[in-house]
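Asker: Sharing a structure here in structure tokens format.
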RNA sequence: GCGCUUGUAGCUCAGCUGGAUAGAGCAUCGGCCUUCUAAGCCGAGGGUCGCAGGUUCGAGUCCUGCCAAGCGUGCCA
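Numbering (my numbering), first residue to last: 177 to 762.
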């Protein structure tokens with residue numbers, strides 16, 4: 177309908193250009209919106225107000241000229257000029273009924289669009305370091321990222337979901353060393369565990385597995401390990417120096433092969449857990465991209481070479497710097513440290529070069545909001561590589577701040593004191609988790625009170641929406657129990673009996689679904705879908721309470737059943753897209 | 001200090017990307033089950049859209065300056 181109105185208005189503008197009312201070069205951006213108050217019709221455009229200035233007419237005069245040029249159309253019953261110059265359109269109610277048939281015919285496809293057809297988009301999300309299980313902060317990124325990917329999918333884009341695995345670097349060495357030390361404890365060695373090591377219980381589990389498989393293969397005496405190691409912080413030393421020395425000691429005592437085996441044991445277990453966790457959360461990926469791969473296959477050297485050739489690298493104080501400040505960053509950044517090791521940022525440059533080389537039309541990165549300062553340097557790198565940095569869209573997800581009652585829960589992977597996504601899912605349920613996470617705009621700070629979220633109360637809006645679906649199913653069951661048959665065709669033939677205000681409201685809301693889906697996709701805003709679902713469920717519940725569906729009149733009964741089945745279909749489509757279940761009974 | 005994000009009802013949040021009288025949920029108060037599931041519905045109260053300017057036919061939305069909160073500002077990842 178919007179498209180029809182747009183083309184009618186476009187034609188009217190063209191006619192006015194011919195009459196020299198408007199200059200030929202005036203570009204009309206036609207904006208059509210749905211009207212809140214029905215007295216102002218169904219759709220409205222502010223076109224006359226936008227073009228008033230270039231036309232040198234007051235908006236209402238111009239509106240009259242536009243309306244005079246509008247071709248008549250059976251779907252439009254009335255066109256009015258209102259307020260400061262709005263043009264209001266009143267739609268023939270008969271055309272509204274068609275939506276029920278459209279939904280029935282399109283089924284699961286209803287609402288999908290092809291605006292992204294032919295375009296490849298990559299969505300990278302979560303990408304948490306594999307140093308521990310996912311926590312509730314990652315959960316928000318997982319829910320948001322997968323919803324964005326699924327929305328783009330529904331909009332016709334070819335979507336590739338990717339997880340960047342930071343399986344290289346110091347944090348992973350700390351993990352490997354932590355696994356080894358817990359393993360030694362399992363062997364019976366006694367010592368003080370480093371304060372900066374990973375202290376979570378999951379490390380003990382990994383170590384126990386390792387001990388079971390390998391026996392005492394990696395065992396060394398505690399005295400041998402801790403000799404000449406600088407003191408840990410609680411002993412008046414430096415926790416960073418302490419742990420770095422232990423990493424070196426682990427590598428020396430174990431030798432390359434054994435160290436790598438311990439390292440791999442930790443990585444494999446944690447990554448398997450993350451994959452499993454995400455799969456249960458309804459999140460799947462096409463690619464798991466390893467940072468180590470970039471280091472091993474020469475991608476980093478290649479990326480740095482390209483930056484160097486473009487004249488963006490220089491040496492200073494023994495390190496190699498990328499002149500990102502010439503491309504909008506605050507300051508230049510180190511890519512190779514004075515000890516010869518490349519930085520995390522160097523990996524990221526190579527990673528984004530890799531993404532560009534894969535030829536995506538659009539690259540979407542979903543990051544925790546704490547990484548926002550990172551955006552300018554990555555964009556700078558893309559420019560320096562000769563790429564169009566507008567291909568990269570970085571979406572930020574604010575952390576969910578956890579509360580237990582009034583107490584703020586501290587979240588640190590290292591301290592081992594955190595609530596995992598797995599715990600949250602088992603307490604709240606996967607459906608409610610996904611719904612809650614996606615309910616709010618991603619960049620909005622989020623207070624997550626565990627007490628409230630874990631209380632399985634009827635305050636939960638996910639139940640409200642699911643209940644609407646269950647109620648439709650219940651009506652259909654009742655029909656069966658009363659030994660009545662649905663006559664779908666009879667219902668379609670009598671849609672014009674749907675004249676109650678609740679029915680009209682539902683017809684309008686159902687017809688909005690494709691627009692909502694499209695908007696949610698192009699703006700990366702899945703919360704719009706949630707709000708739509710609540711509105712649709714609300715209108716259905718209102719309808720349910722106001723009118724009986726299983727009435728004696730077969731024509732009316734079937735018309736109503738067709739309508740509520742259309743509601744059911746849209747609920748299913750939207751909830752399925754969000755990976756939320758649609759129970760038939762509750 | 002500088003940068004990014006946020007500030008809307010008692011609380012948690014929407015606000016169709018500049019449109020018509022700023023909306024939901026929770027909480028509070030008052031109604032509705034012999035009828036398809038009351039995990040529901042209907043009604044009431046509740047607002048200086050952080051503050052002050054500006055842009056224009058029109059600003060919660062855009063610009064500037066303040067105020068407040070969160071995050072960032074490593075040769076960590």
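Ideal placement from N, C-alpha and C gives every residue a C-beta, glycine not left out.
Can you round the beta-carbon distance between residue 278 and residue 286 to whole angstroms, since I take them to be within the 8 angstroms contact cut?
Answerer: For the purposes of this step, residue 278 is identified with residue 102 of the first chain, where counting begins at 1. For the purposes of this step, residue 286 is identified with residue 110 of the first chain, where counting begins at 1. Contact flag correct, Cβ pair sits at about 7 angstroms.
Asker: List, from N- to C-terminal side, the alpha helix (DSSP H) runs of 4 residues or more that fit wholly inside the stretch 505–541.
Answerer: Entirely contained in the stretch 505–541, the alpha helix (DSSP H) runs reaching 4 residues are, in chain order, 520–533.
Asker: Determine the closest residue to residue 235 out of 223, 416, 244 and 336, with distance taken between C-alpha atoms.
Answerer: Within the first chain, the letter at position 59 stands for residue 235. The candidate whose alpha carbon is nearest that of residue 235 is 223.
Asker: Cα-Cα, which of 212, 242 and 214 is closest to residue 204?
Answerer: Along the first chain, read from residue 1 onward, the residue named residue 204 stands at position 28. The shortest C-alpha separation from residue 204 is found at 242.
Asker: Secondary structure at residue 722, three-state DSSP: helix, strand or coil?
Answerer: Working through the first chain from its first residue, we reach residue 722 at position 546. Here residue 722 sits in helix by DSSP.
Asker: With respect to the alpha helix (DSSP H) encompassing residue 343, which residues constitute its N-terminal and C-terminal limits?
Answerer: Along the first chain, one-based indexing puts residue 343 at 167. No alpha helix (DSSP H) contains residue 343, which DSSP labels as neither H nor E.
Asker: In whole angstroms, what separates the C-alpha of residue 442 from that of residue 506?
Answerer: Within the first chain, numbered from 1, the residue matching residue 442 stands at position 266. Within the first chain, numbered from 1, the residue matching residue 506 stands at position 330. Approximately 37 angstroms between the Cα atoms of the pair.
Asker: So, residue 752 versus residue 712, is the Cβ gap smaller than 8 angstroms?
Answerer: Here the question's residue 752 lines up with position 576 in the first chain. Here the question's residue 712 lines up with position 536 in the first chain. No, the Cβ-Cβ distance between residue 752 and residue 712 is not below 8 angstroms.
Asker: Do residue 315 and residue 609 have their beta-carbon atoms positioned less than 8 angstroms apart in this structure?
Answerer: Locating residue 609 in the first chain gives position 433, where the first residue counts as 1. Locating residue 315 in the first chain gives position 139, where the first residue counts as 1. Yes, the pair counts as a contact, with Cβ atoms nearer than the cut-off.
Asker: Using only the alpha-carbon positions, how far apart do residue 620 and residue 707 sit?
Answerer: On the first chain, residue 620 is found 444 positions in, with the first residue counted as 1. On the first chain, residue 707 is found 531 positions in, with the first residue counted as 1. Spanning the two alpha carbons is a distance of roughly 15 angstroms.
Asker: Quick check on residue 232: does DSSP put it in helix, strand or coil?
Answerer: On the first chain, residue 232 is found 56 positions in, with the first residue counted as 1. Coil.
Asker: Considering only the beta carbon of each residue, do residue 555 and residue 546 sit closer than 8 angstroms?
Answerer: Position 379 of the first chain, counted from the start, is the residue given in the question as residue 555. Position 370 of the first chain, counted from the start, is the residue given in the question as residue 546. No, they are not a contact pair.
Asker: Are residue 429 and residue 396 close, meaning C-beta to C-beta below 8 angstroms?
Answerer: Here residue 429 refers to the residue found at position 253 of the first chain. Here residue 396 refers to the residue found at position 220 of the first chain. Cβ atoms of residue 429 and residue 396: closer than 8 angstroms.
Asker: Let me check understanding here. Comparing Cα to Cα, which of 674, 758, 678 and 400 lies closest to residue 649?
Answerer: Taking the first residue of the first chain as 1, we reach residue 649 at position 473. Nearest option by C-alpha distance: 758.
Asker: Determine the closest residue to residue 400 out of 409, 360, 385 and 439, with distance taken between C-alpha atoms.
Answerer: Taking the first chain and counting its residues from 1, one reaches residue 400 at position 224. Ranking 409, 360, 385 and 439 by Cα distance to residue 400 puts 360 first.
Asker: To which residues does DSSP link residue 434 through a beta bridge?
Answerer: Counting from one through the first chain, the residue named residue 434 turns up at place 258. Partner(s): none; residue 434 has no beta bridge.
Asker: Starting from residue 477, trace the alpha helix (DSSP H) in both directions and tell me its first and last residue.
Answerer: Walking along the first chain from the start, residue 477 turns up at place 301. That run of the alpha helix (DSSP H) goes 475–485.
Asker: Enumerate in chain order the residues of its own chain whose CB-to-CB distance from residue 381 is below 8 angstroms, with the five nearest sequence positions on each side excluded.
Answerer: Counting from 1 along the first chain, the entry for residue 381 is found at position 205. The answer, listed in chain order, is 445.
Asker: Below 8 angstroms between beta carbons: does that hold for residue 606 and residue 504?
Answerer: Within the first chain, the letter at position 430 stands for residue 606. Within the first chain, the letter at position 328 stands for residue 504. No.
Asker: Which ranges does the alpha helix (DSSP H) cover as unbroken runs of at least 4 residues, wholly within the stretch 198–264, from first to last along the chain?
Answerer: You should have 223–231 and 235–245.
Asker: Whole angstroms are fine: how far does the CA of residue 710 sit from the CA of residue 653?
Answerer: The count along the first chain starts at 1 and reaches residue 653 at position 477. The count along the first chain starts at 1 and reaches residue 710 at position 534. Approximately 24 angstroms between the Cα atoms of the pair.
Asker: Identify, in the order they occur along the chain, each residue of the same chain with its Cβ nearer than 7 angstroms to the Cβ of residue 480, setting aside the five sequence neighbours on each side.
Answerer: Numbered from its first residue, the first chain carries residue 480 at position 304. Closer than 7 angstroms at Cβ, skipping near neighbours: 489, 511 and 522.
Asker: So for residue 450, helix, strand or coil by DSSP?
Answerer: As a first step, residue 450 is located in the first chain; it is residue number 274 there, counting from the start. Of the three classes helix, strand and coil, the one that applies to residue 450 here is helix, per DSSP.
Asker: So the candidates are 344, 417, 419 and 351; which of them puts its Cα closest to the Cα of residue 383?
Answerer: Your numbering for residue 383 matches position 207 in the first chain. Taking only the C-alpha atoms, the option nearest residue 383 is 351.
Asker: So what's residue 466 in DSSP terms, helix, strand or just coil?
Answerer: Walking along the first chain from the start, residue 466 turns up at place 290. Three-state result, residue 466: strand.
Asker: Taking the alpha carbon of residue 392 as the reference point, which residue from 331, 356 and 402 has its own alpha carbon closest?
Answerer: On the first chain, position 216 is the one that residue 392 refers to. For residue 392, the nearest C-alpha among the options comes from 356.
Asker: In terms of residue numbering, what span does the alpha helix (DSSP H) encompassing residue 653 cover?
Answerer: Indexing the first chain from 1 puts residue 653 at position 477. 637–657 is the span of the alpha helix (DSSP H), which, as asked, contains residue 653.
Asker: If you drop the 5 nearest sequence neighbours on each side, which residues of the same chain put their C-beta closer than 7 angstroms to that of residue 298?
Answerer: As a first step, residue 298 is located in the first chain; it is residue number 122 there, counting from the start. Closer than 7 angstroms at Cβ, skipping near neighbours: 336, 338, 531, 536, 539 and 540.
Asker: Can you round the beta-carbon distance between residue 405 and residue 425 to whole angstroms, since I take them to be within the 8 angstroms contact cut?
Answerer: The sequence position of residue 405 within the first chain is 229, counting from 1. The sequence position of residue 425 within the first chain is 249, counting from 1. Indeed they touch by this definition, with Cβ atoms about 7 angstroms apart.
Asker: Quick one: residues in its chain with C-beta nearer than 6 angstroms to the C-beta of residue 463, no 5 flanking neighbours on either side, listed in chain order?
Answerer: As a first step, residue 463 is located in the first chain; it is residue number 287 there, counting from the start. Counting only Cβ-Cβ distances below 6 angstroms, and skipping sequence neighbours, we find 338.
Asker: What's the call for residue 435, buried or exposed, on a 16-neighbour Cβ count within 10 Å?
Answerer: The sequence position of residue 435 within the first chain is 259, counting from 1. Burial call: buried.
Asker: Using DSSP with H/G/I as helix, E/B as strand and the rest coil, what is residue 311?
Answerer: Your numbering for residue 311 matches position 135 in the first chain. Residue state, collapsed to three classes: strand.
Asker: If you measure between the beta carbons of residue 206 and residue 186, is that distance less than 8 angstroms?
Answerer: Within the first chain, residue 206 is the residue found at index 30, counting from 1. Within the first chain, residue 186 is the residue found at index 10, counting from 1. Yes, the pair counts as a contact, with Cβ atoms nearer than the cut-off.
Asker: Is the CB-CB distance between residue 275 and residue 687 below 8 angstroms?
Answerer: On the first chain, position 99 is the one that residue 275 refers to. On the first chain, position 511 is the one that residue 687 refers to. Yes, these two residues count as a Cβ contact at 8 angstroms.
Asker: Which same chain residues, not among the five before or five after residue 735, have their C-beta less than 7 angstroms away from its C-beta?
Answerer: If you number the first chain from 1, residue 735 lands on position 559. For residue 735, where only same-chain residues beyond five positions count, the Cβ hits under 7 angstroms are 667, 670, 671, 673 and 674.
Asker: With 16 as the cutoff for other CB atoms within 10 Å, does residue 705 come out buried or exposed?
Answerer: Position 529 of the first chain, counting from 1, holds the residue named residue 705. The residue is buried, with at least 16 neighbouring Cβ atoms inside 10 Å.
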